[in-house]
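> The structure follows.
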Amino acid sequence: MGKFYFKGFMCPTFTAFDENKQVVYDVIDEYCSYLKAKGVNGVLVNGTTGEGTCLRLDERKRLAEEWLKACRKYGMTMMVQIGGCDILGVYELAQHAEKIGVDCVLCLPDLFFKPKIEEDLVSYINGIVKYCPTRPFYYYHIPRMSGVDLNMPRFYDLIEKEVPTFCGIKYTCGDMEIGVQLIKEGRNILLGADTILWGAFSLGFDAAILTTLSICPEASCGIYKHFVNNNQEEGLKAQRKLNQRIASILAKGTGEWVENMKNEFNNINVGFSVGPVRKPTIICRRL
492 MGKFYFKGFM CPTFTAFDEN KQVVYDVIDE YCSYLKAKGV NGVLVNGTTG EGTCLRLDER
552 KRLAEEWLKA CRKYGMTMMV QIGGCDILGV YELAQHAEKI GVDCVLCLPD LFFKPKIEED
612 LVSYINGIVK YCPTRPFYYY HIPRMSGVDL NMPRFYDLIE KEVPTFCGIK YTCGDMEIGV
672 QLIKEGRNIL LGADTILWGA FSLGFDAAIL TTLSICPEAS CGIYKHFVNN NQEEGLKAQR
732 KLNQRIASIL AKGTGEWVEN MKNEFNNINV GFSVGPVRKP TIICRRL
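The number in the numbering used here is simply the position in the sequence shown, starting from 1, with 491 added.
Right, dumping it as structure tokens:
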């Protein structure tokens, strides 16, 4: 069996809450079916879009379990994000991911004792993979949110020598110069920025994890088709249209990414709702 490699579109799923901000699990099967029918071939659970850092460990575990059932049913790849909590919690989530057999694991850096150099980050991940030794492992590079902005090419050179299960990076960053440096044979770099999809394809990316895949999956799928058909004019036009849709979504309400995207998803009437956000900043503002 070769090294794990994801290609195509992966949707970072919203976590559904009821009006009391309690997790709703019974929409997961329908949600997964909806994404599959729209041409999405993977999901990311408990990521930024899924408000993973605002969930208890037991909630994150059950979400992983329920999504894995749905993914197996519909033939989807499942990635679970295990970072964003205390180190023992990260170990526990890694162990759980190993136990249930998710397809791959994604992890944020330590968000309090932030790594200062690339070796620190390698050491952090080395400690985690001991608890999920057979799961393909990805690092979540989202410097705007995490505050960790290390040299990713150097980090990758170091970690691939030390961690055999390391497969790639979820690259949620607009610096395409660094992104291109990361793209080498066998490295799986998953774009996490909806507004630069066309440019990323042109530079060699072949996978993306995009919030708008829940809302308008046909937009990203259309951009990819134009790229494959070498139709630059239509591809750029499709990207501009997607960017305009994103701008209009963010112009509503608070302008905050997850809340506005979640509200938009609830408004498109797909047959089920994912409810409000649980983010602490939002909760505090409304009390």
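Glycine included, every Cβ here is placed at the ideal spot set by N, Cα and C.
Because the structure is a prediction, the values reported are computed rather than measured.
Taking 7 Å as the CB-CB cut-off, is L641 touching chain C?
Judged by its chain identifiers, the structure shown contains no chain C, having just a single protein chain.
> Compare the Cα-Cα distances from G530 to each of Y715, N760, I740, N721 and report the closest residue.
As a first step, residue 530 is located in the sequence shown; it is residue number 39 there, counting from the start. Closest by alpha carbon: Y715.
> Straight-line CA distance for H717 to T703?
Residue mapping note: residue 717 aligns to position 226 of the sequence shown, counting from 1. Residue mapping note: residue 703 aligns to position 212 of the sequence shown, counting from 1. Each residue's Cα considered, the two are about 18 Å apart.
> Are the beta-carbon atoms of N751 and L741 separated by less than 7 Å?
Taking the sequence shown and counting its residues from 1, the one referred to as residue 751 is at position 260. Taking the sequence shown and counting its residues from 1, the one referred to as residue 741 is at position 250. Yes, the pair counts as a contact, with Cβ atoms nearer than the cut-off.
> From the DSSP output, read off the bridge partner residues of K675.
Position 184 of the sequence shown holds residue 675. Its beta-bridge partners do not exist; DSSP assigns none.
> Could you give the first and the last residue of the continuous beta strand (DSSP E) run that contains P503?
Here residue 503 corresponds to residue number 12 of the sequence shown, with the count starting at 1. Note, P503: beta strand (DSSP E), 499-503.
> Count the other C-beta atoms from every protein chain shown that fall within 10 angstroms of the C-beta of R780, then say buried if there are 16 or more, exposed otherwise.
An answer regarding residue 780 cannot be provided, because it is not within the stretch 492 to 778 covered by the chain.
> Among A699, G638, L597, whose alpha-carbon lies nearest the alpha-carbon of T656?
By 1-based counting over the sequence shown, the position of residue 656 is 165. Nearest option by C-alpha distance: L597.
> With a floor of 4 residues, list each alpha helix (DSSP H) that falls wholly inside the segment 685-710, ordered by position along the chain.
Those alpha helix (DSSP H) runs which fall completely within the segment 685-710 and span 4+ residues are 688-693.
> Less than 7 Å separating the beta-carbons of R678 and G690?
One-based indexing of the sequence shown puts residue 678 at position 187. One-based indexing of the sequence shown puts residue 690 at position 199. Not in contact: R678 and G690 (Cβ atoms no closer than 7 Å).
> For E653, which residues of its own chain have a beta-carbon under 8 Å away from its beta-carbon, when the five flanking residues on both sides are left out?
Translated into positions along the sequence shown, residue 653 becomes position 162. V613, N617, listed in sequence order.
> When the distance is taken between beta carbons, is C502 closer than 7 Å to V534?
Working through the sequence shown from its first residue, we reach residue 534 at position 43. Working through the sequence shown from its first residue, we reach residue 502 at position 11. Contact flag set, yes.
> Please say whether E589 and R626 have beta carbons closer to each other than 7 Å?
Counting from 1 along the sequence shown, the entry for residue 626 is found at position 135. Counting from 1 along the sequence shown, the entry for residue 589 is found at position 98. Contact: yes.
> Along the chain, where does the beta strand (DSSP E) containing Q572 start, and where does it finish?
In the sequence shown, residue 572 corresponds to position 81, counting from 1. From DSSP, the beta strand (DSSP E) with Q572 extends over 568-572.
> Rank N721, A729, E521, G766 by C-alpha distance to the C-alpha of E557 and give the top, closest one.
Position 66 of the sequence shown, counted from the first residue, corresponds to residue 557. Nearest option by C-alpha distance: E521.
> Using only alpha-carbon positions, find the residue among N720, I650, I706 that is nearest to N757.
Along the sequence shown, read from residue 1 onward, the residue named residue 757 stands at position 266. Of the candidates N720, I650, I706, the one whose C-alpha sits nearest the C-alpha of N757 is I706.
> In the DSSP assignment, what residue or residues form a beta bridge with V596?
Start at 1 with the first residue of the sequence shown, and residue 596 comes out as number 105. Partner(s): V571, F628.
> Assuming I633 and G683 are in contact, meaning their beta carbons sit under 8 Å apart, how far apart are those beta carbons, in whole angstroms?
In the sequence shown, the residue the question calls residue 633 occupies position 142. In the sequence shown, the residue the question calls residue 683 occupies position 192. That pair is a contact at about 7 Å.
> State the CB to CB distance for the pair A585 and Y622, rounded to an integer number of angstroms; the pair is presumed to be in contact (CB under 8 Å).
One-based indexing of the sequence shown puts residue 585 at position 94. One-based indexing of the sequence shown puts residue 622 at position 131. Contact flag correct, Cβ pair sits at about 4 Å.
> Per DSSP, which one or two residues make a beta bridge with Y522?
Within the sequence shown, numbered from 1, the residue matching residue 522 stands at position 31. For Y522, which the question treats as bridged, DSSP gives no partner whatsoever.
> Let's see if you can read the secondary structure: which residues bound the beta strand (DSSP E) around F657?
Looking up residue 657 in the sequence shown gives position 166. F657 -> beta strand (DSSP E) spans 657-662.
> Under 7 Å Cβ to Cβ from F604, same chain only, skipping five residues before and after it: list those, please.
Along the sequence shown, read from residue 1 onward, the residue named residue 604 stands at position 113. There are no such residues.
> Using a Cβ-Cβ cutoff of less than 7 Å, which residues in the same chain neighbour R777 once the five nearest sequence positions on both sides are dropped?
Residue 777 sits at position 286 when you count from the first residue of the sequence shown. Because R777 carries a pLDDT of 41, less than 50, the predicted location of this residue cannot be relied on, and the following value inherits that uncertainty. None.
> Is the distance from the Cβ of D697 to the Cβ of K494 below 7 Å?
Walking along the sequence shown from the start, residue 697 turns up at place 206. Walking along the sequence shown from the start, residue 494 turns up at place 3. Contact: no.
> Quick check: what's the CA-CA separation for H587 versus G746?
Walking along the sequence shown from the start, residue 587 turns up at place 96. Walking along the sequence shown from the start, residue 746 turns up at place 255. Whole-angstrom Cα-Cα distance: 35 Å.
> According to DSSP, is V812 helix, strand or coil?
Residue coverage of the chain in this structure runs from 492 to 778, which leaves residue 812 outside it and unanswerable.
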